[in-house]
Amino acid sequence: MGPVPDGARMIAIGGGKGGVGKTFLAANVAVCIARAGYEVVVVDGDLEGANLHTCLGIPPPPRSLADFVANREEDLVKLLVETREPNLRLIAATHANLASAQPGHFQRVRLVSRLRQLPVDLVLIDLGAGTHPAVMDYFLVSDDGVIVFSPEPTSIENAYAFLRAAFYRRMRLGMMTHSVRALITQAMDQHNERGIRTPADLLREIETLDPGEGVRFVSTVRSFRPRLLVNEVRTAEEIKLGFSVRSVCRSYFGLDAEYLGYVNHDPGVRRSVVARRPLVDVQPDCDASVYLQRVAHKLIQGLGAPGVGPELSG
Ligand SMILES: Nc1ncnc2c1ncn2[C@@H]1O[C@H](COP(=O)(O)OP(=O)(O)OP(=O)(O)O)[C@@H](O)[C@H]1O
Ligand SMILES: [Mg+2]
């Protein structure tokens, strides 16, 4: 199937905390979507900790995003690596330059527009940990941004830090005037002298300064719809965490986040990583694989029918 008219759809998988399962989820969800008949490219956006290739059972590819960042290769098609799945290809992040792994701002803009031009249906980006501007940019320019967290206080804390960073960056990008953008930059410092402590405080200040920008702020908030995924749940109580975080998104940020789903903790995940095979490949019928299929199914809603291949089950 060729590219959709507006270019390939982009989905970013982030979440702030390291080790919550972003790469595991990206690899497995990508396999599920490819098996549903869509042409998928999965991109390892973690230039400082590349391991998506390993989750897909591919030896470290000699060519990667690092070649694009170092201006050695402009054509992303030349960086595509075949996987075991006929519809799934990878852009790895191996062999990054340790001295300057992250692309600069203009390189990021160029990279994103090239990714959208790839002749595929979907580009899925596995982000690194943290809230580095590079990570946030990929998250914000994507059509869908998935925030992954596990049911641990530290992970939830980092998910909020990630949300907060994404929220303020997104709002700042959406504003037209320099003065309002400067106000948002001030609000990003939690101890700012103007006393702006919450998004509601910020909106009040913006409305006083420039009512038109206030309207724009509200509509930008409405259009921002992060999707939440809880990984490694062990109890029914932990499944509810997605709803709690969604409520906080609404009450604190005014955001209408979506609870995309959850994946249970399964010892088979570790075994699948050790075996360098996606879980949905080695244990397609286990609970975790069923939940992964569900997540994949939700993510492809709105993509239109695939050109070939069977429908996703579940
Ligand atoms: N649902 C799960 N059940 C059991 N173990 C899991 C599950 N999800 C992830 N893991 C374990 O957590 C490990 C870390 O996962 P992964 O590398 O995907 O995290 P990450 O968020 O990409 O980390 P980083 O931020 O460092 O890139 C995996 O190797 C796997 O063993
Ligand atoms: Mg990772």
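Mapping to this note's numbering: the sequence shown position 144 is 136, numbers consecutive.
The C-beta atom is built at its ideal place from N, Cα and C for all residues, glycine as well.
Residue burial classification, residue i (beta-carbon count within 10 angstroms, cutoff 16)
i	result
N20	buried
P145	exposed
N150	buried
E303	In this prediction, E303 has a pLDDT of 41, which is less than 50 and means its spatial position is unreliable; what the coordinates show is noted afterwards. Flag for E303 reads exposed.
G204	exposed
S305	Note on S305: pLDDT 38, under 50, position unreliable in the model; the coordinate value appears next. Burial call: exposed.
D118	buried
D36	buried
M168	exposed
Residue i - DSSP class collapsed to helix/strand/coil
i	result
K9	coil
G120	coil
D136	strand
V112	coil
G301	Its pLDDT being 38, under 50, G301 is placed unreliably in this model, and the coordinates cannot settle the point.
I292	coil
V287	helix
I3	strand
I176	helix
K14	helix
C47	helix
L39	coil
D202	coil
N20	helix
S239	helix
A93	coil
M(-7)	The predicted position of M(-7) is uncertain, since its pLDDT is 40 and thus under 50; no value can be drawn from it.
Q182	coil
G306	For G306, the pLDDT reaches just 34, beneath the cut-off of 50, and the residue's location in the model is therefore unreliable, although a value from the coordinates is still provided. It is coil, neither helix nor strand.
D129	helix
S264	helix
T190	coil
D279	helix
D59	helix
E66	coil
Residues bridged to residue i [DSSP beta-bridge criterion]
i	result
N223	V255
F141	V222
R81	V33 and E74
E250	R219
Selection from the options that minimises the alpha carbon distance to residue i
i	options	result
G120	I188, V12 and Q275	V12
L110	I83, G122 and L132	I83
L221	L103, L291, I25 and M163	L291
A308	L57, R269, E74 and P95	In this structure the chain extends from -7 to 306, so residue 308 is not present and cannot be described.
L107	A88, E66 and S92	E66
L314	A62, P54 and H87	Outside the displayed range of the chain (-7 to 306) lies residue 314, so it cannot be described from this structure.
D113	I139, I50, S264 and V34	V34
P125	L194, S239 and D38	D38
I50	A297, R268 and Q275	R268
G7	E31, T123, S92 and L68	T123
G296	Q94, I25 and K9	I25
E74	R102, L194, V32 and A88	V32
N2	V138, L116 and M167	Looking at the sequence itself, residue 2 is Met, so the reference to Asn does not match. Of the candidates V138, L116 and M167, the one whose C-alpha sits nearest the C-alpha of M2 is L116.
R242	R217, A62, A0 and K70	R217
A18	R164, P298, A249 and S281	S281
L175	I231, I198 and I5	I198
R64	R27, A88, S239 and P298	A88
L195	N184, H183 and V172	V172
G294	D136, V140 and I148	D136
F98	L48, A62 and G234	A62
V104	R164, A4 and A249	A4
R76	V69, V272, E230 and D202	V272
D248	D277, S215, Q275 and I231	S215
N79	G29, V240 and Y251	G29
E230	A91, T15, M163 and I148	I148
V274	K14, G10, K9 and V23	V23
G96	R81, V127, L201 and V69	V127
#### Entry: Sequence-ordered residues whose beta carbon comes within less than 5 Å of a heavy atom of ligand 3
No copy of ligand 3 occurs in the structure displayed; its ligands are ligand 1 and ligand 2 alone.
### Query
Do three or more CB pairs link the stretch 124 to 134 to the stretch 145 to 158 at distances below 8 Å?
Taking a cut-off of 8 Å for Cβ pairs, the stretch 124 to 134 and the stretch 145 to 158 touch, as three or more such pairs fall below it.
### Query
Counting Cβ pairs, one atom from each stretch, are 3 or more of them under 8 Å apart for the stretch 56 to 74 and the stretch 37 to 45?
yes
### Task
For the stretch 178 to 190 and the stretch 206 to 226, state whether three or more C-beta atom pairs, one from each stretch, are separated by less than 8 Å.
Taking a cut-off of 8 Å on C-beta distances, the stretch 178 to 190 does not touch the stretch 206 to 226, as fewer than three cross pairs fall below it.
### Query
For the stretch 254 to 266 against the stretch 214 to 231, are there 3 or more C-beta pairs whose distance is under 8 Å?
Put simply, the stretch 254 to 266 touches the stretch 214 to 231. At least three CB pairs are less than 8 Å apart.
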